[in-house]
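Engineer: Quick note: the sequence shown uses our numbering, first residue 32, plus one each step. C-beta atoms are modelled at their ideal positions from N, C-alpha and C, and glycine is treated no differently. Below is a structure I'd like to ask you about.
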Amino acid sequence: MKLSIEEIKHKVGEGYDFELKEKVEELKYKGENLVFSEPVKVSGRVENLGKGLFGVWGMISTAIEDRCYRCLAKTRLELKINFNFKFSENPENFKDEEDEVFPIEKDNIDLYTPVINEIILNLPSKILCSPDCRGICPSCGADLNAGVCKCKKTNVDPRLQVLEKLLDTNND
Ligand SMILES: [Zn+2]
Ligand SMILES: [Zn+2]
């Protein structure tokens, strides 16, 4: 995931548009494997901002695969993330910058680390197969998205409902 600054190194205000694609198989994250179901695509623009600073901005798009937090079904999560990174051959000169300034080595901007950081930062804390996933029954383990489980059925047994009604009227 590299961008050369050779052509724009000494030309303040100059830049170029780019589109990069890289296959990232797996990534360790919080003790879990993050599986990418699509290559990581990064498109945008790199520009010489002057004073030895280079800006790279644009959009990261990819998709990851994980298990739903509630029902454990395989779930695909599309990610589209806007980014704005800064790079320099002397990042130590920009310690006062609000944003982190990443190092440039041998006229190359390597987007890999900031891009992966950005993806991890933008992951939801809980991945769900759908916002209204019903999850798994805590007593029998049945997938409640597929229908009502046996435990649930006994609760809504029509005979019981009649009984409840009778009890209610008796209390009145
Ligand atoms: Zn689910
Ligand atoms: Zn159940």
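Please report the residue range of the beta strand (DSSP E) in which Leu108 lies.
Structural biologist: Against the sequence shown, residue 108 aligns to sequence position 77. Counting along the chain, the beta strand (DSSP E) containing Leu108 begins and ends at 105 to 119.
Engineer: Skipping 5 residues on each side, what residues in its chain have a beta carbon closer than 6 Å to that of Ala173?
Structural biologist: Numbered from 1 along the sequence shown, position 142 holds the residue referred to as residue 173. Cβ within range, chain order: Cys180.
Engineer: For Cys171, count neighbouring Cβ atoms within 10 angstroms of its own Cβ and tell me buried if that reaches 16, exposed if not.
Structural biologist: Taking the sequence shown and counting its residues from 1, the one referred to as residue 171 is at position 140. Per the 10 Å Cβ criterion, exposed.
Engineer: If you follow the alpha helix (DSSP H) that Tyr60 is part of, which residue opens it and which one closes it?
Structural biologist: Position 29 of the sequence shown, counted from the start, is the residue given in the question as residue 60. Premise fails: Tyr60 lies in the beta strand (DSSP E), 57 to 60, not in any alpha helix (DSSP H).
Engineer: Tell me Arg98's beta-bridge partners as DSSP assigns them.
Structural biologist: Counted from its first residue, the sequence shown places residue 98 at position 67. In DSSP, Arg98 forms a bridge with Lys105.
Engineer: Considering only the alpha carbon of each residue, which of Ser92, Leu103, Leu175, Glu56 lies closest to Asn153?
Structural biologist: Sequence index remark: in the sequence shown, residue 153 carries index 122 (1-based). It is Ser92.
Engineer: Looking at Asp138 and Met32, is the spacing between their C-beta atoms short of 8 Å?
Structural biologist: Locating residue 32 in the sequence shown gives position 1, counting from the first residue. Locating residue 138 in the sequence shown gives position 107, counting from the first residue. The answer is no: Cβ separation not under 8 Å.
Engineer: Counting along the chain, where does the alpha helix (DSSP H) carrying Val146 start and finish?
Structural biologist: In the sequence shown, residue 146 corresponds to position 115, counting from 1. 143 to 152 is the extent of the alpha helix (DSSP H) around Val146.
Engineer: Less than 7 Å separating the Cβ of Lys72 from some heavy atom of ligand 2?
Structural biologist: Locating residue 72 in the sequence shown gives position 41, where the first residue counts as 1. Incorrect: Lys72 has no Cβ contact closer than 7 Å to ligand 2.
Engineer: Please check the pair Phe118 and Ile135, which I expect to be a contact at CB under 8 Å, by giving their CB distance rounded to whole angstroms.
Structural biologist: As a working mapping, residue 118 is identified with position 87 in the sequence shown. As a working mapping, residue 135 is identified with position 104 in the sequence shown. Indeed, because the Cβ distance is near 5 Å, the residues count as touching under 8 Å.
Engineer: Can you give the Cα-Cα distance for Arg101 and Gly178, rounded to whole angstroms?
Structural biologist: The residue labelled residue 101 in the question sits at position 70 within the sequence shown. The residue labelled residue 178 in the question sits at position 147 within the sequence shown. Arg101 and Gly178 have their C-alpha atoms spaced approximately 15 Å apart.
Engineer: Measuring straight from C-alpha to C-alpha, what distance separates Gly46 and Ser74?
Structural biologist: Indexing the sequence shown from 1 puts residue 46 at position 15. Indexing the sequence shown from 1 puts residue 74 at position 43. One C-alpha to the other measures close to 14 Å.
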